[in-house]
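So the sequence lines, in the order shown, correspond to chains A and B.
Per my numbering, numbering of the first sequence is gapless, rising by one per residue and ending at 695.
Per my numbering, numbering of the second sequence is gapless, rising by one per residue and ending at 1283.
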Amino acid sequence: MQTLGAIVTAMAGIFFFFAIIGVFGLGTAIGALALFVVVAVGVIARTGRQQA
Amino acid sequence: MTLDPATLARIQFGFTVSFHIIFPTISIGLAAFLAITEGLWLKTRDALYLEIYRFWLGIFAMTFGIGVVTGIVLSFEFGLGFARFGQVAGPVIGPMIGLEVLTSFFLEAGFLGIMLFGMNRVGPKLHFAATCLVAVGTILSASWIMSANSWMQTPDGVAMEQGRLVVTDWWKVIVNPSWPYRLPHMLTAAWITGSFAVAGIGAWYLLHGRHEAFARRTVSMGTGFAVVLIGVQVFLGDILYGQMLQHQPAKMQAAEGFWDKQSPSPAAYNWIIIPDQKNQRNLLQIGTPWLGSIWLTHSLTGRVEGLSNTPPDQQPYMGLVFYGFRVMYGLAIVMFTVGIAGLWLRWRRRLFTTRWFLWVLVWMTPSGVLATLGGWYLAETGRQPWVIYGLLRTVDAVSPVPAGILLTTLIAFACVYALFLGAFLIFAARLVAKGPADAPAHAEASGSLKPALNPKTVEKVVAP
Chain A
644 MQTLGAIVTA MAGIFFFFAI IGVFGLGTAI GALALFVVVA VGVIARTGRQ
694 QA
Chain B
820 MTLDPATLAR IQFGFTVSFH IIFPTISIGL AAFLAITEGL WLKTRDALYL
870 EIYRFWLGIF AMTFGIGVVT GIVLSFEFGL GFARFGQVAG PVIGPMIGLE
920 VLTSFFLEAG FLGIMLFGMN RVGPKLHFAA TCLVAVGTIL SASWIMSANS
970 WMQTPDGVAM EQGRLVVTDW WKVIVNPSWP YRLPHMLTAA WITGSFAVAG
1020 IGAWYLLHGR HEAFARRTVS MGTGFAVVLI GVQVFLGDIL YGQMLQHQPA
1070 KMQAAEGFWD KQSPSPAAYN WIIIPDQKNQ RNLLQIGTPW LGSIWLTHSL
1120 TGRVEGLSNT PPDQQPYMGL VFYGFRVMYG LAIVMFTVGI AGLWLRWRRR
1170 LFTTRWFLWV LVWMTPSGVL ATLGGWYLAE TGRQPWVIYG LLRTVDAVSP
1220 VPAGILLTTL IAFACVYALF LGAFLIFAAR LVAKGPADAP AHAEASGSLK
1270 PALNPKTVEK VVAP
């Protein structure tokens, strides 16, 4: 399960990188960046308080 | 062997500006981090934030000091090595440097003392205001310098009259075509640099089982800021790439390592090349098939323009531009990967216990500085052979100074800067070795470097 999760995360990372760098157009890049920031902040907010 | 004054002047300026840029990059990043940390302390009254603030304040003070001193040297070097540049472009560059002093230096000078020495002398809100204003000062300073440098990349708002540039529109000079894109790219680079520095030191403590609460909080903050910022930076970098392709095509042609007017279709993305500038070809090139078309033209079959589109006498040296870009971009990819891995480990509740990741963070501590240096080599070597793009060649900007003087001063700069770097690394290492618990309540002033370098003095300063 952990391996699967790591693979999915890696694939998501590659997708975000390609999307943010503009491979799918400017509109998609802006959307992907916004989603990336929301996901990152969401993960940090959910786990940060318990860990740090 | 005959020494060329133009080459020596370029090496000297390249060396001193490369050394200088390290310190403002760190101090811009740390100033923002300190403002956020002190703000969180005021909001939560969690003493751990104050401990983090006090620890990083000492390192910030050192980077700030070296950054100011080495920055002032650059202004004098305009006179020493590039007097003709001053004669031609002085009416444009001079006021911008002056405005940097009047706005950011005065602001920083006014509040830096409160920030460094005022923790127990003024109220916490005033102290926080001082920290924020110093952070704003660093951003203002970067804005003016980026404006001046961007104008040299994409000059606008001037006219040439009797061999001198005269300003016709100050707004166009300051907000020149590349500045709105290069400034956020540079500021984000500095904040990323600070984030990885903070995370790396925290990871080092975790690996050695020291200051665990402090280390967990700094790793969490550092990786958190880094992952968001690197996403933003990738976006900003691509936008800037498109702009520079429009304004400085030769730079971007050299950055991709192709010589032919049109690359094959689909184009590979070159990672390693050995360029032969004289014969306008690569002796070796290693790349990933298709990726050049996908990344650079955003299509599967797009072709990339090569450096042969630019006349040879207007071409930059491909090797310098290419590898400057690869260092910056390669590290950006690594940073993005580390950011994603950090998010995944955080989600799995293993961010602070996964030792291989903590070692990666330790090794990534200077990554922001290295990426920034790569970016600046791309920017500055890619502008060649022009010092002011399309208006003044670098060889025509050099002072009529004998090569011996330039060589002597270059050696002197190398010796003095080695001392600066050595002192910085020794003091920073000592602060890290001592740890946050021993960080003084405020920075300690010393009138002379000699007693300050004495280990007994350091012991006294950091004593609780």
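Don't be surprised by glycine CBs; every beta carbon is placed ideally from N, CA and C.
Distance between Arg1145 of chain B and Trp1195 of chain B (C-alpha atoms, nearest Å): 12 Å
is_contact[Ala672 of chain A, chain B] using C-beta, thresh 8 Å: yes
In chain order, each beta strand (DSSP E) run of at least 3 residues that lies wholly inside the region 1010-1084 of chain B: none
Residue from B:Gly1149, B:Gly1050, B:Gln1062 whose Cα sits closest to the Cα of Gly656 of chain A: By alpha-carbon distance to Gly656 of chain A, the top candidate from B:Gly1149, B:Gly1050, B:Gln1062 is B:Gly1050.
Within-8 Å CB hit, Ile650 of chain A to chain B: no
C-beta contact flag for Phe1232 of chain B and Thr835 of chain B at 8 Å: yes
Members of the region 1164-1196 of chain B near chain D, C-beta cut-off 8 Å: Chain labels in this structure do not include chain D; the protein chains are A and B.
Endpoints, the alpha helix (DSSP H) within which Asn995 of chain B is located: That residue, Asn995 of chain B, is in no alpha helix (DSSP H); it is neither H nor E in DSSP.
DSSP bridge partner residues for Ala1198 of chain B (one or two, in chain order): Paired residues: none, contrary to the question.
Below-8 Å beta-carbon distance, Gly1050 of chain B vs any chain A residue: yes
Entirely enclosed alpha helix (DSSP H) segments - the region 917-948 of chain B, minimum 4 residues: 925-936
Segment contact flag, the region 946-964 of chain B with the region 925-933 of chain B, C-beta cutoff 8 Å, min 3 pairs: yes
Bridge partner(s) assigned by DSSP for Tyr1088 of chain B: B:Thr1107
Rounded separation between Gln1081 of chain B and Arg1122 of chain B - CA only: 6 Å
Chain A contact for Gly886 of chain B (CB, 8 Å cutoff): no
Identified DSSP bridge partners for Asp1095 of chain B: B:Arg1100
Residue-chain proximity (Asp1057 of chain B, chain A), Cβ-Cβ < 8 Å: yes
The region 834-851 of chain B contacting the region 876-889 of chain B, beta-carbon criterion three pairs below 8 Å: yes
Proximity test, Cβ basis, 8 Å: Leu827 of chain B and chain A: no
Limits of the unbroken beta strand (DSSP E) element including Leu984 of chain B: 983-986
Residues, ordered as in the chain, of the region 1135-1163 of chain B that lie near chain A by beta-carbon distance below 9 Å: Against chain A - using a Cβ distance shorter than 9 Å - the residues of the region 1135-1163 of chain B are Ile1152, Phe1155, Thr1156, Gly1158, Ile1159, Ala1160, Leu1162, Trp1163.
Terminal residues of the beta strand (DSSP E) in which Pro1207 of chain B lies: Position check: residue 1207 of chain B holds Ile in this sequence, whereas Pro was assumed. Segment 1205-1207, the beta strand (DSSP E) holding Ile1207 of chain B.
At least three beta-carbon pairs within less than 8 Å, the region 675-694 of chain A to the region 1182-1197 of chain B: no
Chain-order list of residues whose beta-carbon lies under 6 Å from that of Ala1264 of chain B (same chain, five-residue window excluded): Reliability of the predicted coordinates at Ala1264 of chain B is poor, the pLDDT of 49 falling under 50, and the value obtained from them is presented with this limitation in mind. Nothing meets the Cβ criterion.
DSSP three-state assignment for Val1140 of chain B, whether helix, strand or coil: Under the three-state reduction of DSSP output, Val1140 of chain B falls in the helix class.
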